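Student:
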Amino acid sequence: MNIKIIDLGLIDYERAWKLQDEYAAEIAEGIRPPTLLLLEHPHVYTFGRKGNAENLLWTETQLKEKGVSTYWVDRGGDVTYHGPGQLVGYPLIPLTPLSVSQSEVRQGEEKSDYVGYIRKLEEMLIGVLMQYGIASGQRPGKTGVWIQADVHSRCIHCRPEDKQKPAKVAAIGVKVDVRGVTRHGFALNVNPDMEYWNGIIPCGLTEPVVSLADLLDPVPSMQEVKQHIKEAFCTIFENSI
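The opening position of the sequence shown corresponds to residue 349 in the numbering used here, with each subsequent residue numbered one higher.
1) Leaving out five residues before and five after Gln479 in sequence, what residues of the same chain have Cβ atoms less than 7 Å from its Cβ?
2) What residue range does the beta strand (DSSP E) around Ala401 cover?
3) On the criterion of 16 or more Cβ atoms from any shown chain inside 10 Å, does Lys490 qualify as buried, or is it exposed?
4) From this set, Leu440, Val517, Leu356, which residue's C-alpha is nearest Asp562's C-alpha?
5) Leaving out five residues before and five after Asp510 in sequence, what residues of the same chain have Cβ atoms less than 6 Å from its Cβ?
6) Ser501 bridges to which residues according to DSSP?
7) Check Gly547 in the structure and name its three-state DSSP category.
8) Residues bridged to Ser322 by DSSP?
9) If I follow the unbroken alpha helix (DSSP H) through Lys574, where does it start and stop?
10) Please list, in chain order, all residues of the same chain as Pro432 whose beta carbon is under 6 Å from its beta carbon, the five residues on each side excluded.
11) Roughly how far, in whole angstroms, is the beta-carbon of Lys523 from the beta-carbon of Asp461, given that I think they are within contact range, below 8 Å?
12) Which one or two residues does DSSP pair with Ala639 in a beta bridge?
13) When you compare only the Cα positions, how much space is there between Gln368 and Tyr361?
14) Apart from the five residues on each side of it in sequence, which residues of its chain come closer than 7 Å, Cβ to Cβ, to Ile584?
15) Please confirm whether Gln496 and Pro514 have their CB atoms less than 7 Å apart.
16) Please state if the CB of Gly533 and the CB of Gly437 are separated by a distance shorter than 7 Å.
17) If you check the beta carbons only, do Gly547 and Leu435 fall under 7 Å apart?
18) Rounded to a whole number of angstroms, what is the C-alpha to C-alpha distance between Ser449 and His391?
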């Protein structure tokens with residue numbers, strides 16, 4: 349099935365959240381094709397279902413000074429940052445239900461391959477990064493895409509002590525609604541202002557966060573990265589939905 353890709357540019361977080369609800373309902377009804385929204389957000393911190401308010405480090409005054417909004421949302425995971433220079437993707441696609449017994453399915457809800465879907469998102473992002481010569485991968489028990497210390501050591505802006513550790517380059521936090529349609533998605537750090545990660549403990553983890561701009565010279569344009577994401581996403585998902 350073909351996937352419709354919509355580039356929303358820079359869009360307010362709440363507006364994009366409402367669009368997800370609207371489009372997902374249409375996809376479930378069969379009146380809209382599976383859709384991938386690509387966009388950037390103004391500065392915002394979002395907390396998922398496992399969010400811990402203690403992982404927000406900046407005060408209300410600092411948040412106001414830095415122009416950061418905060419939202420508690422219905423995706424998985426803890427707190428993360430979105431902002432200009434970060435490529436956010438919201439896939440709205442129907443997942444194929446797993447073959448399970450009726451006793452394993454809650455009333456009115458299909459059981460979908462949630463974990464398998466997350467692994468595919470990670471695989472897609474890993475492939476895109478490899479096109480830039482960045483070796484990345486998954487980490488057992490953690491969600492997202494990571495680089496190892498040998499790759500992180502290339503970062504020209506990072507603290508020496510951080511360059512000896514793995515670092516997260518892309519975050520993932522998703523939801524599958526009661527009709528089996530995905531919401532929320534992934535965030536790839538292309539060239540954001542890394543200062544904003546100082547205001548949180550990202551995903552409740554102490555590992556550093558890194559961007560393509562930290563690892564590549566010249567830094568690829570947002571449009572170029574979007575094109576790679578579009579191609580990789582369609583390759584992985586068009587034959588699986």
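Backbone N, C-alpha and C define an ideal beta-carbon position, used for all residues, glycine too. Only a predicted model underlies this, so the values are computations on that prediction, with no experimental measurement involved.
Tutor: Taking the geometry as given:
1) Around Gln479: His576.
2) Element bounds for Ala401: n/a, residue is neither H nor E.
3) By the neighbour-count rule (16 or more Cβ atoms within 10 Å), Lys490 is not buried but exposed.
4) The option with the nearest alpha carbon to Asp562 is Val517.
5) Excluding positions up to five away in sequence, the list reads Pro556.
6) According to DSSP, Ser501 bridges with nothing at all.
7) The answer is helix: DSSP assigns Gly547 an H, G or I state.
8) Nothing about residue 322 can be reported from this structure: the residues present for the chain run from 349 to 589 only.
9) Its alpha helix (DSSP H) spans residues 570-585.
10) Same-chain partners within the cutoff: Glu388.
11) The Cβ separation is near 14 Å, so there is no contact.
12) Any question about residue 639 goes unanswered here, given that the chain covers just 349 to 589.
13) So the two alpha carbons sit approximately 11 Å from each other.
14) If we look at Ile584 and ignore the five residues flanking it on each side, its Cβ neighbours are Lys468, Glu471, Met472.
15) Contact flag set, yes.
16) A contact, by the Cβ cut-off of 7 Å.
17) No, Cβ-Cβ distance for Gly547 and Leu435 is not below 7 Å.
18) Its pLDDT being 38, under 50, Ser449 is placed unreliably by the model, and the measurement read from it follows with that caveat. A direct Cα-to-Cα measurement between Ser449 and His391 gives close to 44 Å.
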